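Under my numbering, think of the first position of the sequence shown as 69, with each following residue one higher.
Just so it is clear, CB atoms sit at the ideal spot from N, CA and C, and this is done for glycine as well.
The structure presented is a predicted model; accordingly, all values stated were derived computationally and were not measured.
Single-structure report; data block below.
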Amino acid sequence: MRARFRGILALGIVSITCELGAQVGYPPTRSPYRDLRQTQEITLYGGYYRAKLDPARVAPRSGPMVGARYQWRAGGPAHLTLDLARVESDRRVLDPERPETCPSANRECKSLGMFRWPLYLADVGMALALTGERSWLNLVPELRAGGGFATDFHTKADVGDFAFGTRFAFSWGGGIRWTPGGPYQLRVDVVNRLYSVKYPETYYLPAEDQTTIFSLRQNRTAWLNNPALTIGVSYLFSR
């Protein structure tokens with residue numbers, strides 16, 4: 069009897085505790101959290117790409133960018149993402165053999181000018197929603213990371229034998245989504261892309277006047293961090 073009484077008493081205490089716990093917090097109509105029903109989104113965005121200047125100043129530079137993102141909630145807070153973007157960029161072309169009367173390693177005297185040079189970006193990755201499958205005050209902060217490539221779609225080197233070509237790029241960053249309800253949302257993202265450029269041997273060889281673009285102390289490979297700030301409008305679908 070004592071064992072049975074103790075079991076009934078314990079069950080009653082658990083029931084009372086659960087009932088009191090259910091009363092703590094917000095009523096459903098006043099809760100700052102809201103379940104996100106749609107699992108997929110397509111976003112069109114625009115922003116600015118802040119390219120880091122490389123030592124030779126020949127890589128594609130900063131410029132406005134436009135792009136599109138597809139995002140799918142795979143489960144819980146995890147999302148799979150696909151990004152495609154275009155940067156309205158330009159770059160400088162150097163001619164290592166151009167004879168000029170200038171100090172050694174002065175790259176300005178080797179310049180042939182600036183040229184329009186669009187840059188294209190693509191990457192796949194994973195985003196982590198910090199509020200899980202819900203929004204908080206209609207906001208969903210995210211962290212993301214991935215990998216892809218940056219390319220100018222040029223298959224031949226320039227007159228100085230330099231080619232940006234297609235470069236593997238690591239990407240990471242974060243953003244925040246505003247989901248007021250319905251099929252549309254706004255989002256702001258900051259994403260950094262890290263890729264390298266490699267300089268040709270001609271950048272280290274002297275011209276007729278013995279001037280060079282680089283001394284032998286300069287590494288032939290330079291790694292560049294290139295952050296971008298974008299604002300987009302998303303269409304949400306699929307439940």
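{"Query": "Starting from the C-beta of residue 307, find all residues in its chain whose C-beta is less than 8 Å away, skip the five residues before and the five after it, and write them out in chain order.", "Result": "105, 106 and 107"}
{"Query": "Quick one: using the 10 Å Cβ neighbour count with 16 as the cut-off for buried, is residue 167 buried or exposed?", "Result": "exposed"}
{"Query": "Could I get the ranges of all uninterrupted beta strand (DSSP E) runs contained in the region 260-288, with 3 residues as the minimum, in chain order?", "Result": "none"}
{"Query": "Keeping to the same chain, check which residues put their C-beta closer than 6 Å to that of residue 188; ignore five residues upstream and five downstream.", "Result": "154 and 219"}
{"Query": "For residue 185, does the count of other Cβ atoms within 10 angstroms reach 16, so buried, or fall short, so exposed?", "Result": "buried"}
{"Query": "Helix, strand or coil: which one does DSSP assign to residue 298?", "Result": "strand"}
{"Query": "From residue 244 to residue 259, what does the alpha carbon distance come to, in whole angstroms?", "Result": "12 Å"}
{"Query": "Just to confirm, are residue 111 and residue 255 a CB contact at a threshold of 8 Å?", "Result": "yes"}
{"Query": "Between which two residues does the beta strand (DSSP E) containing residue 219 stretch?", "Result": "207-219"}
{"Query": "Is residue 156 helix, strand or coil by DSSP?", "Result": "coil"}
{"Query": "Please report the distance separating the alpha-carbon of residue 91 from that of residue 144.", "Result": "Unreliable placement is indicated for residue 91, whose pLDDT of 42 sits below 50; no coordinate value is reported for it."}
{"Query": "Can you round the beta-carbon distance between residue 302 and residue 109 to whole angstroms, since I take them to be within the 8 Å contact cut?", "Result": "4 Å"}
{"Query": "How is residue 109 classed by DSSP in three states: helix, strand or coil?", "Result": "strand"}
{"Query": "According to the Cβ coordinates, are residue 217 and residue 232 closer than 8 Å?", "Result": "no"}
{"Query": "Compare the C-alpha of residue 269 against each of 249, 138 and 286 and name the closest.", "Result": "286"}
{"Query": "Please identify the residue among 101, 128 and 207 whose C-alpha is closest to the C-alpha of residue 221.", "Result": "128"}
{"Query": "Which residues in the same chain as residue 136 place their Cβ atom closer than 8 Å to its Cβ, once the five residues preceding and following it in sequence are excluded?", "Result": "110, 111, 112, 113, 151, 152 and 153"}
{"Query": "Is it right to say residue 191 is buried, meaning 16 or more other beta carbons lie within 10 angstroms of its own, or is it exposed?", "Result": "buried"}
{"Query": "Is there at least one Cβ from chain B nearer than 8 Å to residue 102's Cβ?", "Result": "Here there is only one protein chain, and chain B is not present."}
{"Query": "Report the rounded CA-to-CA distance for residue 291 versus residue 230, giving the unit in angstroms.", "Result": "16 Å"}
{"Query": "In chain order, what residues of the same chain lie with their CB nearer than 6 Å to the CB of residue 308, ignoring the 5 residues before and after it?", "Result": "For the chain, the structure presents residues 69 to 307; residue 308 sits outside this window and is missing."}
{"Query": "Check whether the Cβ atoms of residue 197 and residue 147 lie closer than 8 Å to each other.", "Result": "yes"}
{"Query": "Comparing alpha-carbon positions, which option in 305, 267 and 142 lies nearest residue 251?", "Result": "305"}
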